[in-house]
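So the sequence shown is numbered by this note's numbering: it starts at 418 and just counts up by one.
To start, the structure under review is shown below, and the notes come after it.
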Amino acid sequence: MRVRLNKFLADAGVCARRKADKLIEEGRVKVNGQPARVGML
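Right under this line is the structure:
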């Protein structure tokens, strides 16, 4: 099952989806040690 990263963060209670998008754009979210990108699945 594929889930958008911003939705995953929101569902996990980290932050709202829009805030997650902002954190991703700022490079503050990493996946496997690499900076995440907005829209990443």
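Even glycine gets a Cβ: it sits at the ideal position worked out from N, Cα and C.
Between which two residues does the alpha helix (DSSP H) holding residue i run?
i: E442; result: 434-442
i: A427; result: 422-428
Considering only their Cβ atoms, is the gap separating residue j from residue i smaller than 8 Å?
i: I441; j: A429; result: no
By Cβ distance below 6 Å, which residues in the same chain neighbour residue i in space, the five residues on each side in sequence not counted?
i: K447; result: none
Go through its chain and collect everything with a Cβ distance to residue i's Cβ below 7 Å, but skip five positions before and after it.
i: N423; result: R434, A437, D438, I441
i: V455; result: D438, I441, E442
Short of 8 Å in beta carbon distance, which residues of its chain neighbour residue i, apart from the five on each side in sequence? Order them along the chain.
i: M457; result: R421, L422, I441, V448
i: C432; result: L426, L440
i: R445; result: none
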